[in-house]
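Student: Numbering-wise, our numbering comes out as the position in the sequence shown, counting from 1, plus 7.
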Amino acid sequence: METMAASKNDTTVYGREAVGIEVTPKAALTIREYLGGRNTLPIRIFLKTGGCGTQSLDIVPEAQKKSDAVFERNGFTYVIEPRLLRQYAPITIDSDGFSFRLSGKGISPPTGCGTCAFRCGSRGASRCTGVCITCETPCPTGLKILLRRKQRRAAVEI
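1. Could you pull the DSSP bridge partners for L64 from this structure?
2. In the DSSP output, which residue or residues are listed as bridge partners for E79?
3. Please go through the same chain and pick out, in chain order, the residues whose beta-carbon is closer than 8 Å to the beta-carbon of P32, but skip the five residues on each side of it.
4. Thinking C-alpha only, which one of F53, I38 and K112 is nearest A70?
5. Please classify I100: does DSSP put it in a helix, a strand, or coil?
6. Whose CA, out of L154, L150 and P97, lies closest to the CA of L64?
7. Going by CA-CA distance only, name the one from Y95, A76 and T99 that's closest to E88.
8. Enumerate in chain order the residues of its own chain whose CB-to-CB distance from V30 is below 7 Å, with the five nearest sequence positions on each side excluded.
9. For E29, does the three-state DSSP call read helix, strand or coil?
10. Can you tell me whether DSSP reads L109 as helix, strand or coil?
11. Excluding five sequence neighbours on each side, which residues of the same chain lie with their C-beta closer than 7 Å to the C-beta of A34?
12. Is the distance from the Cβ of I1 to the Cβ of F83 below 8 Å?
13. So R45 is in the alpha helix (DSSP H); what residue range does that whole segment cover?
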């Protein structure tokens, strides 16, 4: 593999190592807890299309392809198609401790969640499950769910 210095925001693929991708410590911990030491496959970052053509990034354990850009972060191997990396970098994988948030340039919503990624954000719809407790722009459905949770907690504390 060719070695060259690059910043994490550089979207070039050197050899086959991807740069321009950040995995937050919280996401790495959530992945480690989820996999429980049984990961034998790389973690693929891919583009999925949901209802009404909404696109979001997601992750899944999957075998590496010959053409993949490969990188390691926090003890895990990740793979991504070079075309996706060039188009959507910088990509960040984050977590709220329960679900994953993947953000990339040109993806809307900009921080779709791994569990409800479709239709979140300020224009949301009925697909939201409210699990994204750290969502910066919760959809109307998510706001209702979060409000009910807050009211239940307050009732229990009384």
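A virtual CB, placed ideally from N, CA and C, is assigned to each residue, including glycine.
Tutor: The structure says:
1. L54
2. T84
3. Cβ within range, chain order: N81.
4. F53
5. Annotated three-state conformation of I100 is strand, per DSSP.
6. P97
7. If we check each option's Cα against that of E88, A76 comes out closest.
8. R80, N81 and I100
9. strand
10. strand
11. I100, D101, S102 and F107
12. Outside the shown range of the chain (8 to 165) lies residue 1, about which nothing can therefore be said.
13. Careful: R45 lies outside any alpha helix (DSSP H) and carries neither H nor E.
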